């Protein structure tokens, strides 16, 4: 069967239009992208495991200038952030601390947890709330 060249041109044109429509739909899903740190000298990170005895632990009110991920391995903990009502964390529970938002982590007995901190280079990993915001050193009187 012989297809005239004009039909091949039409088929090719329709294929290109269809491909362009797919690319346009995929690209439209990304509205904005801004990179603050790319891990090449712009990001400080620390991964640590903490074990406390029966006397417990209290981080005091503090903030982090970056992302903090905590996972409880043993025992339990009370976590405060955004509310004066604590969230109880048990083994296997994971939490993400919101940057620059006051937080407090308390255990009343022995516990084990891991902490992953990702903050901009040059920033402290943790800042006491009394230093960061002296007028509101304790958001939950």
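Residue numbers (this note's numbering): 363 to 503.
Ideal Cβ positions, reconstructed from N, Cα and C, are used throughout, including at glycine.
Please read these numbers as outputs of a predicted model, since none were measured by experiment.
query, result
"Check whether residue 462 and residue 432 have beta carbons under 7 Å apart", "no"
"Three-state secondary structure (DSSP) of residue 384", "Confidence is the limiting factor: at residue 384 the pLDDT is only 41, short of 50, which leaves the residue's position unreliable and the question unanswerable from this model."
"Host beta strand (DSSP E) of residue 492 (start-end)", "From DSSP, residue 492 is part of no beta strand (DSSP E) but of the alpha helix (DSSP H) over 491-494."
"Residue 466 burial status per 10 Å Cβ neighbour count (16 or more: buried)", "buried"
"Pairwise C-alpha distance: residue 470 and residue 458", "21 Å"
"Burial state of residue 396 (16 or more Cβ within 10 Å)", "Caution applies to residue 396, whose pLDDT of 43 falls short of 50 and renders its modelled position unreliable; the model cannot decide the point."
"Cut-off 7 Å between Cβ atoms - residues of its own chain near residue 502, not counting five sequence neighbours on either side", "442 and 446"
"Extent of the continuous beta strand (DSSP E) to which residue 430 belongs", "429-436"
"First through last residue of the beta strand (DSSP E) which encompasses residue 443", "439-443"
"Which listed residue (444, 424 and 405) has its alpha carbon closest to that of residue 496", "424"
"Assumed close pair residue 481, residue 406 - CB separation to whole angstroms, cut-off 8 Å", "5 Å"
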